[in-house]
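Have a look at the structure below, then the notes.
2 protein chains.
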Amino acid sequence: MNEIARPTLDDVARAAGVSTATVSRCLNAPERVITTTRERVMQAVEALGYTPDFGGRALASRRTNTVGAIIPTMENAIFARGVQSFQEVLSKAGKTLLVASSGYDPEHEREQIGVMISRGADGLLLIGSARPQANVDYLRRRGIPYLGAWNLGGPEGHFVGFNNRAAAFDLTRRVIARGHRRIAMIGGISYMNDRASDRIDGVRAATREAGLGEIRVIEAPYGFDDGAEAFGALMTAEPRPTAVMCGNDVLAVGAMRKAREMGLRVPGDVSITGFDDIDISAVVDPGLTTVRVPHRRMGEAAAEMLLKLIDKQPVDRQIEIPTAIVERGTLGPPPAG
Amino acid sequence: MNEIARPTLDDVARAAGVSTATVSRCLNAPERVITTTRERVMQAVEALGYTPDFGGRALASRRTNTVGAIIPTMENAIFARGVQSFQEVLSKAGKTLLVASSGYDPEHEREQIGVMISRGADGLLLIGSARPQANVDYLRRRGIPYLGAWNLGGPEGHFVGFNNRAAAFDLTRRVIARGHRRIAMIGGISYMNDRASDRIDGVRAATREAGLGEIRVIEAPYGFDDGAEAFGALMTAEPRPTAVMCGNDVLAVGAMRKAREMGLRVPGDVSITGFDDIDISAVVDPGLTTVRVPHRRMGEAAAEMLLKLIDKQPVDRQIEIPTAIVERGTLGPPPAG
DNA sequence: TTGTAGGCGTTATCAA
DNA sequence: TTGATAACGCCTACAA
Numbered sequence: 643m644n645e646i647a648r649p650t651l652d653d654v655a656r657a658a659g660v661s662t663a664t665v666s667r668c669l670n671a672p673e674r675v676i677t678t679t680r681e682r683v684m685q686a687v688e689a690l691g692y693t694p695d696f697g698g699r700a701l702a703s704r705r706t707n708t709v710g711a712i713i714p715t716m717e718n719a720i721f722a723r724g725v726q727s728f729q730e731v732l733s734k735a736g737k738t739l740l741v742a743s744s745g746y747d748p749e750h751e752r753e754q755i756g757v758m759i760s761r762g763a764d765g766l767l768l769i770g771s772a773r774p775q776a777n778v779d780y781l782r783r784r785g786i787p788y789l790g791a792w793n794l795g796g797p798e799g800h801f802v803g804f805n806n807r808a809a810a811f812d813l814t815r816r817v818i819a820r821g822h823r824r825i826a827m828i829g830g831i832s833y834m835n836d837r838a839s840d841r842i843d844g845v846r847a848a849t850r851e852a853g854l855g856e857i858r859v860i861e862a863p864y865g866f867d868d869g870a871e872a873f874g875a876l877m878t879a880e881p882r883p884t885a886v887m888c889g890n891d892v893l894a895v896g897a898m899r900k901a902r903e904m905g906l907r908v909p910g911d912v913s914i915t916g917f918d919d920i921d922i923s924a925v926v927d928p929g930l931t932t933v934r935v936p937h938r939r940m941g942e943a944a945a946e947m948l949l950k951l952i953d954k955q956p957v958d959r960q961i962e963i964p965t966a967i968v969e970r971g972t973l974g975p976p977p978a979g
Numbered sequence: 643m644n645e646i647a648r649p650t651l652d653d654v655a656r657a658a659g660v661s662t663a664t665v666s667r668c669l670n671a672p673e674r675v676i677t678t679t680r681e682r683v684m685q686a687v688e689a690l691g692y693t694p695d696f697g698g699r700a701l702a703s704r705r706t707n708t709v710g711a712i713i714p715t716m717e718n719a720i721f722a723r724g725v726q727s728f729q730e731v732l733s734k735a736g737k738t739l740l741v742a743s744s745g746y747d748p749e750h751e752r753e754q755i756g757v758m759i760s761r762g763a764d765g766l767l768l769i770g771s772a773r774p775q776a777n778v779d780y781l782r783r784r785g786i787p788y789l790g791a792w793n794l795g796g797p798e799g800h801f802v803g804f805n806n807r808a809a810a811f812d813l814t815r816r817v818i819a820r821g822h823r824r825i826a827m828i829g830g831i832s833y834m835n836d837r838a839s840d841r842i843d844g845v846r847a848a849t850r851e852a853g854l855g856e857i858r859v860i861e862a863p864y865g866f867d868d869g870a871e872a873f874g875a876l877m878t879a880e881p882r883p884t885a886v887m888c889g890n891d892v893l894a895v896g897a898m899r900k901a902r903e904m905g906l907r908v909p910g911d912v913s914i915t916g917f918d919d920i921d922i923s924a925v926v927d928p929g930l931t932t933v934r935v936p937h938r939r940m941g942e943a944a945a946e947m948l949l950k951l952i953d954k955q956p957v958d959r960q961i962e963i964p965t966a967i968v969e970r971g972t973l974g975p976p977p978a979g
């Protein structure tokens, strides 16, 4: 079987006995071509297996129908899920998704922004709002539409996301209402990560409001072991917290594992809360009390907003996706005494 | 702040007082330009913030430095993980990843292949080997290098993956060695999914080899609830199986949940096994006995192979990534009687 | 409704 | 070592 050279518009035009302009129109504005010729053309397209060349099209139309997403890593299930639905919506709109990862490093993000620009992305999805001004300027000077997702942002820019701070605040209030006075937190690494730092801020604000004084916060990388280790450190200090709130479910599940290893009952001896409501949280025993974050809905909303931005349609500056506390079994009253 | 038109090669050339050809050479073959002029050019590039236009470059060079991946869905953690490492390796090689999803539908996969071709992907990552011949032909006629991943394949084509059948076979032998004679299986949907069907085949082959006769297999979609439901059906039939082997960990964890709901102890009343070793499997109680599948390593190996294929370097036709049985707590001897 | 023709930004071939 | 210049494949006024 011989390798067949890719057919061009010219080939199709010749096969259908029309000009290249007509073929182009058949593909991009079918209503501007009379039915009979259109059918003839489409037949030729089919027969030759023609697919338009992206380079040529991009060059001539100044449009790539490509959208870029720069996320920390797909290994984090919450991003994988959001990106999946983001991509599905894009795909329906005829756009293709270009994916890059920053590994939580602003410098690397900056590089990837360059890659996306150079590939002519029509729009860009970024995560959160915490980034060097240089990265933002870079984008704005190019006038390329972009969006922060997974969180709400500052006074300018477009965002589709959750109010991480408020959700953490509400959850903390609930913990306090259960009677806890000694609360500690295992947060995600907050440097250049506004989701992590907002969650920490939310917890701090609520404990302050309740007059509990400054709570202890350990920041830990995103991993079960890291959560376990931080939990160990927290629980060997005196006075021991009666509730440990975690910046995400992975840390929380790691903490639960460590609690079991230490012979601590949850929630009998210590309450634990998470954030994200990943699959695993419904499955551990007892079930993890956490904050449900609808990543799929967010991905879809982000795609729709970015599409509008690209089309220069009017959009709200921020879209807040509501979250909800999911009470399962890891939050109880503090141990007596 | 005004939006700044993207500078072109021409702009840089003018700023540096050279021809566009020289600028192009500075970027693509620096050694062919004398140092002094090169420095002058690079300065202009820097000053203008020039990034080459992808469309123009693709058109002129017939190369896109783009690689496509068409996977069922990123929501499945095993793909998300593999794609992440795939992307990282690609990125280091200066290639960008285009992502599309097939939703496990061959028809949709075919469409996405078209999209990738039309975008000039230099190479393609597909999942597994089960697909209509038409999809394969489409690719081969174009002469575009592609790769099946996550499984090994038939007599032709390139593959980087696991021997799903052999791994399932080995695990089943282990189950039988524990004394189980009544084994049932909850498999993934096998239609056009060779990973799922190979795992089922492996289990069947081992039970046959042991003279256990035809075992009951229920196929279920990829979801906790689906695993739970299938498990319920299996355990209400007579005679009840003493071991339920699952085609993936998600089904297995669903089965474990259902077992608890039914008041069945695992592994006291029934043993359960999984496949994939996702995060959750180490965290459930008891820990799930399963097959560890190194997705990251596979993603990396796939990227390296595809890169070589694109460069027309010689490669092995198949690369097998080894798997390993992970014994945790869900596999025990069958209940007495 | 259809065709003609110029141009999009880059690379690559040839000369100089 | 550098510079002209002709592709590359497509889109889009503009003309017919």
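Keeping their order, the protein sequence lines are chains A and W. Convert by adding 642 to the 1-based position in the first sequence; the result is the number in our numbering. Convert by adding 642 to the 1-based position in the second sequence; the result is the number in our numbering. A virtual CB, placed ideally from N, CA and C, is assigned to each residue, including glycine.
Does the beta carbon of residue i come closer than 8 Å to any beta carbon on chain A?
i: valine 683 of chain W; result: no
i: phenylalanine 998 of chain W; result: Examination of residue 998 of chain W is not possible in this model, given that chain W is present from 643 through 979 alone.
i: methionine 643 of chain W; result: Low confidence applies to methionine 643 of chain W: its pLDDT is 41, below 50, so where it sits in the model is not reliable enough to give any reading.
i: threonine 650 of chain W; result: no
i: arginine 841 of chain W; result: no
i: leucine 669 of chain W; result: no
i: glutamate 861 of chain W; result: no
i: glutamine 729 of chain W; result: yes
i: leucine 906 of chain W; result: no
i: alanine 742 of chain W; result: yes
i: serine 733 of chain W; result: yes
i: threonine 693 of chain W; result: yes
Going by DSSP, name the residue or residues bridged to residue i.
i: aspartate 918 of chain A; result: A/Arg934
i: alanine 966 of chain W; result: W/Arg934
i: isoleucine 769 of chain A; result: A/Ala791
i: methionine 604 of chain W; result: The question about residue 604 of chain W has no answer, for chain W in this structure spans 643 to 979.
i: leucine 739 of chain A; result: A/Val709 and W/Val741
i: glutamine 960 of chain A; result: A/Phe801
Considering Cα atoms alone, identify which of the options is closest to residue i.
i: glutamate 871 of chain A; options: A/Pro956, A/Ile828 and A/Asn890; result: A/Ile828
i: tyrosine 833 of chain W; options: W/Arg674, W/Pro928 and W/Ser771; result: W/Ser771
i: glutamate 946 of chain A; options: A/Ile961, A/Val933, A/Pro936 and A/Arg648; result: A/Ile961
i: glycine 971 of chain W; options: W/Gly724, W/Leu948, W/Leu930 and W/Thr708; result: W/Leu930
i: glutamate 856 of chain W; options: W/Gly874, W/Val892 and W/Gly844; result: W/Gly844
i: aspartate 995 of chain W; options: W/Val859, W/Pro649 and W/Asp840; result: What the structure shows of chain W is the stretch from 643 to 979, and residue 995 of chain W is not part of that stretch, so it cannot be assessed.
i: lysine 954 of chain W; options: W/Arg674, W/Ile759 and W/Pro787; result: W/Pro787
i: glycine 941 of chain W; options: W/Leu669, W/Pro714, W/Asn670 and W/Val725; result: W/Val725
i: arginine 730 of chain W; options: W/Ile967, W/Ala944 and W/Pro976; result: Note on residue identity: the sequence assigns glutamate, not arginine, to residue 730 of chain W. Glutamate 730 of chain W has its Cα closest to that of W/Ala944, out of W/Ile967, W/Ala944 and W/Pro976.
i: arginine 899 of chain A; options: A/Met887, A/Pro881 and A/Gly869; result: A/Gly869
i: threonine 982 of chain W; options: W/Ala776, W/Leu739 and W/Ala663; result: The structure shown does not extend to residue 982 of chain W, since chain W is modelled only from 643 through 979, so no value can be given for it.
i: proline 975 of chain W; options: W/Ala671, W/Asp867, W/Ile963 and W/Val912; result: W/Val912
i: proline 881 of chain W; options: W/Arg846, W/Val892, W/Asp836 and W/Arg824; result: W/Arg824
i: phenylalanine 811 of chain A; options: A/Thr849, A/Ala711, A/Val926 and A/Arg704; result: A/Thr849
Of all the CB atoms in chain W, is at least one closer than 8 Å to the CB of residue i?
i: alanine 870 of chain A; result: no
i: leucine 701 of chain A; result: yes
i: threonine 738 of chain A; result: yes
i: valine 709 of chain A; result: no
i: arginine 970 of chain A; result: no
i: arginine 784 of chain A; result: yes
Report task. Mind listing, in chain order, the continuous alpha helix (DSSP H) runs of no fewer than 4 residues lying wholly within the region 698-732 of chain W? Result -> none
**Report entry** Against chain W: residues of the region 752-770 of chain A by CB proximity under 7 Å
**Finding:** Gly756, Val757, Ile759, Ser760, Arg761 and Gly762
Requested in this report: Let me know the alpha helix (DSSP H) ranges lying completely inside the region 795-872 of chain A, each 4 residues or longer, listed in chain order.
Outcome: 806-819 and 836-851
Report task. Could you list the residues in the region 921-940 of chain A with a C-beta less than 9 Å from some C-beta on chain W, going in chain order? Result -> Asp921, Ile922, Ala924, Val925, Val926, Asp927 and Arg938
Requested in this report: Please list the residues of the region 885-900 of chain W that have a C-beta atom closer than 7 Å to any C-beta atom in chain A, keeping them in chain order.
Outcome: Val895 and Arg899
**Report entry** Residues of the region 804-836 of chain W with Cβ closer than 8 Å to any Cβ of chain A, in chain order
**Finding:** none
**Report entry** Near-chain W residues of the region 716-727 of chain A - C-beta to any C-beta below 7 Å
**Finding:** Met716, Glu717, Ala719, Ala722, Arg723, Val725 and Gln726
Report task. Mind listing, in chain order, the continuous alpha helix (DSSP H) runs of no fewer than 4 residues lying wholly within the region 657-696 of chain A? Result -> 662-670 and 677-690
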